[in-house]
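Just so we're aligned: the sequence shown equals residues 20 to 999 in this note's numbering.
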Amino acid sequence: MKKSNHKAWIMAGAAVAAISTGFLCNTAFAQDDTAAAVATAEENVVVVTGTRIRRPNLKSASPITTVDEREVKLQGAIAVDSFLKALPSMEAGNNENQSNNSDGTAGVNLRSLGGNRSLVLVDGQRLLPQQGVDLNFVPSTLIERTDVLTGGASSVYGSDAMSGVVNFIMRKRLDGVRVDAQYSIYQHNNDDEDLRALHKSRGIVLAPENVWDGAKYDANIAIGANLADGKGNVTGYFGYRKMEAVTQDARDYSACALFEASATSFGCGGSGNHAYGRFRPLTGPNANTEFANSKDGSKTWVPNDGSFAYNYAPSNYTLRNSERYQAGGFVNYVFNDHVKFDGSAMFMDDHSVSQVAPSAIWFGRPFTVNCDNPLMSDDQKMKLCGSTTSTADASTWVAFRAATGPGRRNDMRHTNYRFTAALSGDISDAWNYNASVLYAKTLGQFNYQNDINQDKAANALQAINSGGSVVCKGGQQGCVPIDIFSSKGPSAEAYAYIYAPTFTRNEQDILVYNAYVSGDLGEYGIRSPWAEDGIAVVLGVESRKETLDEKRDETQLAAGSANADGEVQAKEIFTEIQIPVVADKPGIHSLDFSLGYRASTFNVSSSTTTGSEKKTDTWKVEGRYAPTADILFRASYNKAMRAANISELFAAQGVGNVALIDPCADATQTATKEQCLRTGATAAQYDNKTIPQTPADVGSALGGGNPNLNPEEAKTTTFGLVFTPQGMRNFSASVDYFKIHIDGYIGTVDSSVTLAQCLNTGDPYYCGLIHRDPATGALFGYNTKGGYIIGTNLNTGFLETTGFDVTANYVLDTGHGDVTFSLVGTLLGSLETEVLPGLGSYDCKGLYGPICGQPSPEWRHNLRTTWATPFESAWLPAAVSVNWRYVGKTELSRNTDDPFLSGNKSVLNAEIEAYNYFDLTAVYNLPYNVTLRAGVTNIFDKSPPAIDGGLLAENGNGNTYTSTYDPLGRMFFIGLSSAF
């Protein structure tokens, strides 16, 4: 192996930030090690994420984890969100493993504080409109490094940078051609004997014992050329990616809808909206008694019970299929020291499909059925109407799953555009300027297919004889009567009538003008008497406008949905000051402080709402102290903010699904009568045990926008130390404490919290948010005529998280190639939520569950060990790397005594054990400057934890948390890259 390549792979193993970064990742070292990559050819000035001040050897006072391009290749990650979600500081947002309720995008959630509180940048400028952020848009082949900054950065970048910033630094001066391609596929052995025995006992088709699926294809090319003797450069890129879908029936843990049948075993449950036909008359002699069509296909009603439940799992996607095209380019040109131009154009078209179980006529809506309906038998007429000859109408809840039909599919297409242009240069020896404009547009088109229109179903449920034919009673055009009075189901023609695809078009725009000047006041002698560098300042202005226009088709509008639109404009001024106080004095190697301030005015409006104005300001104070060259102490304190986005302000209100179990329902009531009466249940409903349970643990909530929202405010604190012993240059380490506290966070009161607080405390605020179905007492329904819990947006209490980030790096010279050990870990101190001011809070540290959401382990780490081998032969690897991913254990939040979290206890899912994943990658240097990488992630094919579906929330899918654990088993990948 050539010496240069040997050293390159030493640096690859020591790249910056472990799991997703093969090296230590601490701000000071990350910036020092990447200085050469981001310095201009004319001067050694480093661009540091988190500040607009540019000067030699500047280090960030806030912790920054850096992921470089080599680490991404070692992981075999072809999607940006894939390597980001593995960072211990990250909780995955939307991603490829989400299907139900997915919008087709990929997001990131820093510190588990919500993706809308993490600002995503490309070269220090916003990626896309904040609501349309999609990491799929970033061309991974041109990412030079990714900086993840912890803590508020609103004084530098404006609204949304509350929990931190993800900044993609692009390779914009390519001279030549770079080609990269990769293929990957998942392999899994289905060998869970308990689950397979369960499936067999229920007649469920067993998942294959050995399965290969989920293939991914990725190909990228970038071409660049220098112009005018290096004064300018043009770089263009094109990328293609394709993923093949995986359904839940391909894995043991997800092949059926799991529930806790006993303290030690699962059962296969499912939805009460089953395929046999379910009825609950609301009038007549059997009001509030539940029936089902006999399983033998006869038109006979028998008592409904759990044996009829529909297994909705098999056809759901665990991995969505998708196809993506990317193209774009960067141009820069130096006219002279005073005028430099930078521009970019980026495009993406991403087509993805999510799939879930077939649609149904949904339980919870009163349907009218005429008693002389010729499709009913005499037995059914008697039980529904009390007569076989009545011509009156009856009211009943109905459920019928279209199990023989296709699954519901959301065909999602995102088309994104982004353009930037900037002029910069020197004004004088002391001052320089930067003026830029950014315009970006996201266009989302959603075609929801194979869904049953409930209004058409209502028409088709009323039938009469006419001229010897059965026709719809109302005579609606095209109506075909639907026979759901037998488990055999309706005709294809009837299905064709009640299926009604819907279309939604979502268009978002952002336009940003930014201009600032930065100066080195040392040129005027303005400096500390104990430091050589002068005071540096930045003064700037920014104007930003974001718009949203969401249109729904007539079918959705008729069903109660509404269009939405809005505009948010921000006018801002900002400044930064960096003050070197002492340098190279006894006991003080360096001491400096930084200050920042931004004043913002927000104007919000929509077509239906009068505009309003909000003012806010943000600021920061930072300090760095190095007593010697071996150690650096750093601290920062930020006041950050986030203005409400357009959807939070103006989204139309409507009833949707939420995870919810009603403790007052059915014969298995777990709440007392007194408690249930607080929630709106009647004494008769409780005594007679007639309140129906939420189907598949899914209830209803009324959500929507609130134009009176105030901006969120956050206080973020970080402090820590960086240790780089000069006598041990092959070792470095850092420890940083973080605390992020957000007041008045914009959100909703979780329906489970609302219900639990009303039950346990009787607080009139919470109880007033609960609206039970007036006829049945249910907490679910089709619209506001049924049962629901109010959950519209509002400024709530606080969010707070604390903890420590730990990084370490060591290079061992073995005499047979260097071995690099790189660690990055996060120790979570707290993850606290106050639902409303003064009403108490709960802490989700070390927990998971319906309210806490995805697992939040106390400790997560990644340890990468990379051996840069001494082999010279192309047949032997140039580098071998092993990564250890650790996710600590978590416990079920419902098992705690916290009144906000407690609920029905679970023994089987009381704890998710600690997970250890190991990944292996080998790199080969082939002739003609070709590099081959091959590897496997999750070497031991560890299955994710199987969890009762009723305990899942927030990115739960297929009986597990697919964003936290590897859902598909081991992944093999092979890739080729070349530069020439």
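Note that CB positions come from ideal geometry on N, CA and C, so glycine has one too.
Predicted, not measured: the structure shown is a model, and the values here were computed from it.
The beta carbon of L939 lies closer than 7 Å to those of V901, G954, V955 and I958 in the same chain, with the five residues before and after it left out. Secondary structure at Y764: coil, using DSSP grouped into helix, strand and coil.
For Y784, the enclosing alpha helix (DSSP H) covers residues P783 to C786. For F669, the enclosing alpha helix (DSSP H) stretches over residues I665 to F669. The beta-carbon separation of A479 and Y329, rounded to 21 Å, does not stay under the 8 Å limit for a contact. Taken through DSSP and simplified to helix, strand or coil, P918 comes out as coil. Comparing alpha carbon positions, the residue from F991, Q150 and P520 closest to S378 is P520.
In chain order, I517, Y518, A519, T574 and A578 place their CB closer than 8 Å to the CB of N472, counting only its own chain and leaving out the 5 sequence neighbours on each side. Contact between T815 and L866 is absent: CB atoms are separated by about 20 Å, not below the 8 Å threshold. Three or more pairs of CB atoms, one per stretch, sit closer than 8 Å, so the segment 290 to 307 contacts the segment 323 to 342. Counting every other CB atom within 10 Å of its CB across the protein chains shown gives Q712 a total of 16 or more, marking it as buried. In this structure, P300 is the residue among N935, A311 and P300 with its C-alpha nearest to the C-alpha of C404. Below 8 Å, enough C-beta pairs join the segment 700 to 710 and the segment 683 to 691 to call them touching: three or more. With respect to the C-alpha of Q694, the residue from Y644, S159, P548 and I789 having the closest C-alpha is I789. Taking a 10 Å sphere around the C-beta of S624, we find 16 or more other C-beta atoms and assign the residue as buried.
P605 is classed as exposed because its beta carbon has fewer than 16 other beta carbons within 10 Å across all chains shown.
According to DSSP, N292 shares a beta bridge with no other residue. The three-state reading of DSSP puts N478 in helix, counting H, G and I together. With a threshold of 16 other beta carbon atoms within 10 Å, I446 falls short and is exposed. For I554, no pairing in a beta bridge is given by DSSP. If you look at T302, you'll find it isn't in any beta strand (DSSP E); DSSP assigns it neither H nor E. Take the alpha-carbon of G977 and the one of T337: they are about 7 Å apart. T283 is classed as exposed because its beta carbon has fewer than 16 other beta carbons within 10 Å across all chains shown.
In this chain, the alpha helix (DSSP H) harbouring N779 covers S770 to T780. In the DSSP annotation of this structure, the continuous segment of the beta strand (DSSP E) that includes Y259 starts and ends at G251 to M262.
Residue environment for W549: exposed (fewer than 16 other C-beta atoms within 10 angstroms of its C-beta). According to the DSSP secondary-structure assignment, Q527 is paired through a beta bridge with T461 and L567. Unbroken beta strand (DSSP E) runs of no fewer than 3 residues, entirely contained in the segment 150 to 228, are found at 162 to 169, 183 to 189 and 195 to 208, following chain order. Just so you know, the alpha carbons of A797 and G806 end up roughly 5 Å apart.
Sequence-distant partners of A581 (beyond 5 residues in either direction) whose C-beta falls short of 6 Å from its own C-beta, in its chain, are A671.
For the 8 Å CB-CB criterion, P889 and V942 do not form a contact. Judged by DSSP in its simplified three-state form, D716 adopts helix.
In this structure, the alpha-carbon of I761 lies about 25 Å from that of L911. Within the DSSP bridge table, the entry for D967 names no partner.
T647 is the residue among Y784, A654, T647 and V674 whose C-alpha sits nearest the C-alpha of G746. Out of L970, A893, K961 and Y905, the CA that lies nearest to the CA of A929 is found in L970.
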